[in-house]
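Notes follow the structure.
If you want it as structure tokens, here you go:
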């Protein structure tokens, strides 16, 4: 069973330490239980993307409880809905930290939601495990970033497709908020200043936008070698269906598409035939062929149904509770300051993606991969870095 394979060197103590020793800061910890928070959008345009994160975090918590919990205590979770609305995320995070006194929160998806809750976590000294690939340019002592930052995803992906497709021109697309705009700023700088290539267009759309035909017409007119896409949430369904309806062939056509936002979770709504041939730069795909992932996929489908799928952010969300458990047990305490101090160097040799380790900057060492979307809704891995990429959230020249 996967839970058994996730046992770390710092495993649960045989004897449960007294609460007075492992909780000195008033967290919701008893002799038998510890409360944590789950904070994602289960309603609104981002629900399509975030549902998998909720499922993964619940699965991890259930497996940890089956192993005996954390420091001999069963994990109980309080779930809140961010409702695809950044002020709501802020309000719910305040409730989890101030009223519920949770020991950790696993949550957020968009950078806008993370930015909305960050001041609250720093003010009230909470610990957030954030699972989404993001633009970088941030390093908070109150966040463990389990997704990739820009150098591990954007730059590596652009380097690969520029060489693989002998690309010279790029068209940038994104949803209209901080992550796509900052990601495209980084991408443009890399394309123009490092690769010496050309950006021929750049468009942004409100969250939930569903009419992309005018932008698709501009793409057809400009004829870029690569469309670089960071459209998020439910908007992806409309975008890729309209792209396919416009006759843009991503399999055999002259144009390639590289996305940094479409995982298997989104393809479930998009439909494989509408995105077949597109490339995605991620660190995880459900199709990864290793024993860890085989066990994880089996357990996930047993818990959430055979038709469920697992994308990059879903897997990164699954890592959160395990990394927190390891840090708590290394620290011998639920206190946030002690957990934070214990976190750098924590590793999971049995992570579904293969292996991860927490860097001093609270990001993860991980591999970068490129997958090609298949008609069945899965990605075929076509590129993988040989070594783990060191996280660098503040790359020189991109700030």
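Residue numbers (this note's numbering): 33 to 431.
Cβ atoms here follow ideal geometry from the backbone N, Cα and C, with glycine treated the same way.
Nothing here was measured: the structure is a model prediction, and the numbers come from that model.
Item checked: Alpha carbon of residue 385 to alpha carbon of residue 160, nearest angstrom -> As a working mapping, residue 385 is identified with position 353 in the chain shown. As a working mapping, residue 160 is identified with position 128 in the chain shown. Their Cα atoms are separated by approximately 21 Å.
Note to self: Going by the DSSP bridge assignment, what does residue 312 pair with across the sheet?
What the structure shows: Walking along the chain shown from the start, residue 312 turns up at place 280. Per DSSP, 291, 403.
Next item on the list: Could you round the C-beta distance between residue 165 and residue 89 to whole angstroms and report it? I think they count as a contact, below 8 Å.
Entry: Translated into positions along the chain shown, residue 165 becomes position 133. Translated into positions along the chain shown, residue 89 becomes position 57. Actually they are not in contact, since the Cβ atoms of residue 165 and residue 89 sit about 17 Å apart, beyond 8 Å.
Notebook entry, point to check: So residue 394 and residue 375 are in contact, right, with Cβ under 8 Å, and what is the actual spacing, rounded?
Noted result: To locate residue 394, count along the chain shown from 1; it is residue 362. To locate residue 375, count along the chain shown from 1; it is residue 343. Contact check for residue 394 and residue 375: beta-carbon distance about 7 Å, within the 8 Å limit, so the pair qualifies.
Next item on the list: With a threshold of 16 other CB atoms inside 10 Å of the CB of residue 337, please say whether the residue is buried or exposed.
Entry: Walking along the chain shown from the start, residue 337 turns up at place 305. Under this definition residue 337 is an exposed residue.
Next item on the list: Determine, using beta carbons only, whether residue 149 and residue 113 come nearer to each other than 9 Å.
Entry: Along the chain shown, read from residue 1 onward, the residue named residue 149 stands at position 117. Along the chain shown, read from residue 1 onward, the residue named residue 113 stands at position 81. Taking 9 Å as the Cβ cut-off, residue 149 and residue 113 do not qualify as a contacting pair.
Notebook entry, point to check: Per DSSP, which one or two residues make a beta bridge with residue 241?
Noted result: Here the question's residue 241 lines up with position 209 in the chain shown. According to DSSP, which records beta bridges pairwise, residue 241 is partnered with nothing at all.
Margin query: In the DSSP assignment, the alpha helix (DSSP H) including residue 153 goes from what residue to what residue?
Written below: What you label residue 153 is simply residue 121 of the chain shown in a count that begins at 1. From DSSP, the alpha helix (DSSP H) with residue 153 extends over 143-155.
Next item on the list: With a threshold of 16 other CB atoms inside 10 Å of the CB of residue 368, please say whether the residue is buried or exposed.
Entry: For this step, residue 368 is matched to residue 336 along the chain shown. Buried, since its Cβ has 16 or more Cβ neighbours within 10 Å.
Check: Below 9 Å between beta carbons: does that hold for residue 107 and residue 128?
Finding: Stepping through the chain shown from its first residue, residue 107 is reached at position 75. Stepping through the chain shown from its first residue, residue 128 is reached at position 96. Not closer than 9 Å, so no.
Next item on the list: Specify the secondary structure class of residue 334 as computed by DSSP and reduced to three states.
Entry: The residue given as residue 334 occupies position 302 in the chain shown. Here DSSP, grouped into helix, strand and coil, assigns residue 334 to helix.
Item checked: Member of 260, 133, 142, 163 whose CA lies at the smallest distance from the CA of residue 153 -> Position 121 of the chain shown, counted from the first residue, corresponds to residue 153. That would be 133, whose Cα lies nearest to the Cα of residue 153.
Item checked: Touching by the beta-carbon criterion (3+ pairs, under 8 Å), the segment 242-257 and the segment 286-293 -> yes
Notebook entry, point to check: If we call anything under 9 Å between Cβ atoms a contact, is residue 303 one with residue 78?
Noted result: As a first step, residue 303 must be located in the chain shown, where it is residue number 271. As a first step, residue 78 must be located in the chain shown, where it is residue number 46. No, they are not a contact pair.
Margin query: Once DSSP output is grouped into helix, strand and coil, what is the label at residue 412?
Written below: Residue mapping note: residue 412 aligns to position 380 of the chain shown, counting from 1. Residue state, collapsed to three classes: strand.
Next item on the list: Tell me, please, which residues DSSP counts as bridged to residue 199.
Entry: Counting from 1 along the chain shown, the entry for residue 199 is found at position 167. DSSP output for residue 199 lists no bridge partner at all.
Check: Name the DSSP bridge partner or partners of residue 222?
Finding: Here residue 222 corresponds to residue number 190 of the chain shown, with the count starting at 1. In the DSSP output, where bridge partners are listed per residue, residue 222 has none listed.
Notebook entry, point to check: Can you pull the DSSP bridge partners for residue 430?
Noted result: Working through the chain shown from its first residue, we reach residue 430 at position 398. Bridge partners of residue 430: none, in fact.
Notebook entry, point to check: Under a Cβ-count criterion, where at least 16 other Cβ atoms within 10 Å of its own Cβ denotes burial, should residue 46 be classed as buried or exposed?
Noted result: Along the chain shown, one-based indexing puts residue 46 at 14. Low confidence applies here, because residue 46 scores a pLDDT of 44, under 50, leaving its location unreliable; read the following figure in that light. Exposed: under 16 other Cβ atoms inside 10 Å.
Checklist line | Complete alpha helix (DSSP H) runs within the segment 53-110 (minimum length 4 residues, chain order) | finding: 79-98
Margin query: By DSSP's criteria, residue 236 is part of a beta bridge. Which residues make up the other side?
Written below: Locating residue 236 in the chain shown gives position 204, counting from the first residue. DSSP output for residue 236 lists 206 as bridge partner(s).
Note to self: Three or more C-beta pairs under 8 Å: does that hold for the segment 54-68 against the segment 313-330?
What the structure shows: no
Check: Does the Cβ-Cβ distance between residue 162 and residue 146 come in under 9 Å?
Finding: For the purposes of this step, residue 162 is identified with residue 130 of the chain shown, where counting begins at 1. For the purposes of this step, residue 146 is identified with residue 114 of the chain shown, where counting begins at 1. Against a cut-off of 9 Å, the Cβ pair of residue 146 and residue 162 comes out as a contact.
Notebook entry, point to check: Between residue 52 and the rest of its own chain, which residues show a CB-CB distance below 7 Å, the 5 nearest in sequence each way excluded?
Noted result: Within the chain shown, the letter at position 20 stands for residue 52. Around residue 52: no qualifying Cβ.
Item checked: Residues sharing a beta bridge with residue 260, DSSP -> Within the chain shown, numbered from 1, the residue matching residue 260 stands at position 228. DSSP, once it has assigned bridges, lists 204, 290 as partnering residue 260.
Next item on the list: Please report the residue range of the alpha helix (DSSP H) in which residue 160 lies.
Entry: What you label residue 160 is simply residue 128 of the chain shown in a count that begins at 1. First-last for residue 160: 160-162, but that is the beta strand (DSSP E), not the alpha helix (DSSP H).
Check: If we call anything under 9 Å between Cβ atoms a contact, is residue 354 one with residue 383?
Finding: Position 322 of the chain shown, counted from the start, is the residue given in the question as residue 354. Position 351 of the chain shown, counted from the start, is the residue given in the question as residue 383. Cβ atoms of residue 354 and residue 383: closer than 9 Å.
Next item on the list: Enumerate in chain order the residues of its own chain whose CB-to-CB distance from residue 270 is below 8 Å, with the five nearest sequence positions on each side excluded.
Entry: For the purposes of this step, residue 270 is taken as the residue at position 238 of the chain shown. Closer than 8 Å at Cβ, skipping near neighbours: 241, 242, 243, 244.
Check: Can the beta-carbon of residue 202 be found less than 9 Å from the beta-carbon of residue 260?
Finding: Numbered from 1 along the chain shown, position 170 holds the residue referred to as residue 202. Numbered from 1 along the chain shown, position 228 holds the residue referred to as residue 260. Yes.
Margin query: Looking only at its chain, what residues have a beta carbon closer than 6 Å to the beta carbon of residue 387, apart from the 5 residues adjacent to it on each side?
Written below: Numbered from 1 along the chain shown, position 355 holds the residue referred to as residue 387. Once the five neighbours on either side are set aside, the close Cβ partners of residue 387 are 381.
Check: Bridge partners of residue 395, per DSSP?
Finding: Translated into positions along the chain shown, residue 395 becomes position 363. Residue pairing by DSSP places residue 395 opposite 177 in a beta bridge.
Checklist line | Close beta carbons around residue 214, own chain, < 6 Å, minus the five adjacent residues each side | finding: Residue mapping note: residue 214 aligns to position 182 of the chain shown, counting from 1. Within its own chain, the residues whose Cβ lies closer than 6 Å to the Cβ of residue 214, once the five positions on either side in sequence are excluded, are 167, listed in chain order.
Next item on the list: On a CA-only basis, which of 415, 187, 193 is nearest residue 222? Give me that one, please.
Entry: The sequence position of residue 222 within the chain shown is 190, counting from 1. Ranking 415, 187, 193 by Cα distance to residue 222 puts 187 first.
Notebook entry, point to check: Do residue 413 and residue 103 have their CB atoms nearer than 9 Å?
Noted result: Walking along the chain shown from the start, residue 413 turns up at place 381. Walking along the chain shown from the start, residue 103 turns up at place 71. No, the pair does not count as a contact, with Cβ atoms beyond the cut-off.
Next item on the list: Note down, in chain order, each residue of its chain lying with its Cβ closer than 7 Å to the Cβ of residue 220, except the 5 sequence neighbours on either side.
Entry: On the chain shown, residue 220 is found 188 positions in, with the first residue counted as 1. Closer than 7 Å at the Cβ level, and outside the excluded window around residue 220, lie 204, 231.
Notebook entry, point to check: Can you tell me whether DSSP reads residue 137 as helix, strand or coil?
Noted result: Position 105 of the chain shown, counted from the start, is the residue given in the question as residue 137. Reduced to three states, the DSSP call for residue 137 is strand.
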